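Presented below is the structure to which this report refers.
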Amino acid sequence: MNKALLFSLLFTPVVMAETVSLEYKEFYERLKVVNKSGVQLIELAFSVAPADKCPLEGGQITSGSQSYPLTISRDQRLLLPFDEQLKLDRALIQLTISGEENRCGLAMQLRERQPLMNYSAGRLNQILTEMDKVLDNMQGFPLKYFRKPIDGLSFEFVDDGARVILDGVNKAAGSKFTLSKEELAQVKIVQFSQVPKVVSPWISQ
């Protein structure tokens, strides 16, 4: 089965209470790796999942006696600042979750910063190269030499009616479409009927 590359972060799915506190420094250290990698087209996204069984009502960042609102997207992505002072102040991320003893998880995912409808071969390969670079930096020495390589890119859409044109050939893309490294090496132009919701690394299994 093929699937997008998705990482579990901080904890595996567990039963969560109504309010959960997480250390900001754990997020900061991972964001720091991305920032130091010098990438332009990709970012690291954090989210609470699954959204249908683990509804997230809100959140805030607390530091001492101060608190700041935490921006949360409709798909439960946590839009966190990259702030060294918050790390030094031992800030906490506090999440408010509703539901009946839901099994919740916190995930992080590399993805393209701004997905497009049309892609050149150059942009696609830059995305792939940047994702490989960040993953190597996250693993560190010597683990980066043993990690499973990225096999291509995954494109996710809001519905299953998306279509793709590969060098002039029109075909169905569905709700999720993948391009392997071999296909990326050959294709020159990729056009979608709608902007992908997420473009992320893809590995085959």
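Start counting the sequence shown at -11; every next residue gets the next number (our numbering). Cβ coordinates follow ideal geometry from the N, Cα and C atoms, glycine included. Note that the structure is a prediction, hence the values are computed from the model and not measured.
Cβ neighbours of residue i in the same chain (closer than 7 Å, five flanking residues each side left out)
i, result
"Ile153", "Gln179"
Euclidean distance between Cα positions of residue i and residue j
i, j, result
"Ile85", "Asp63", "14 Å"
"Glu6", "Ser55", "18 Å"
"Glu96", "Ser35", "Residue identity differs from the one stated: residue 96 is Met in this sequence, not Glu. Using only the alpha carbons, I get a separation of about 6 Å."
"Leu182", "Glu144", "Correcting the residue type first, residue 182 is Gln in the shown sequence and not Leu. Their Cα atoms are separated by approximately 10 Å."
"Gly140", "Leu172", "8 Å"
"Ala39", "Ile191", "23 Å"
"Gly46", "Ile60", "7 Å"
"Ile49", "Leu76", "14 Å"
"Lys185", "Lys24", "26 Å"
"Leu68", "Gly149", "32 Å"
"Asn106", "Ala37", "29 Å"
"Leu112", "Glu100", "10 Å"
"Lys121", "Val187", "16 Å"
Nearest to residue i (by Cα), restricted to the options the options
i, options, result
"Val175", "Ser108, Ala95 and Pro43", "Ser108"
"Gln193", "Pro137, Gln48, Asp77 and Ile49", "Pro137"
"Lys20", "Leu32, Ser9 and Glu11", "Leu32"
"Glu11", "Ala79, Ala37, Phe70 and Ser142", "Ala79"
"Asp147", "Asp155, Gly156, Asn158 and Gly162", "Gly162"
6 Å Cβ shell around residue i - same chain, five flanking residues per side excluded
i, result
"Lys164", "Glu144"
"Val8", "Leu83"
For this session: Within the region 107 to 161, note down every full beta strand (DSSP E) run reaching 3 residues or more, in order along the chain.
Result: 140 to 144, 151 to 154 and 157 to 160
Does the region 113 to 121 come into contact with the region 11 to 18, if we say contact requires no fewer than three beta-carbon pairs (one atom in each stretch) closer than 8 Å? no
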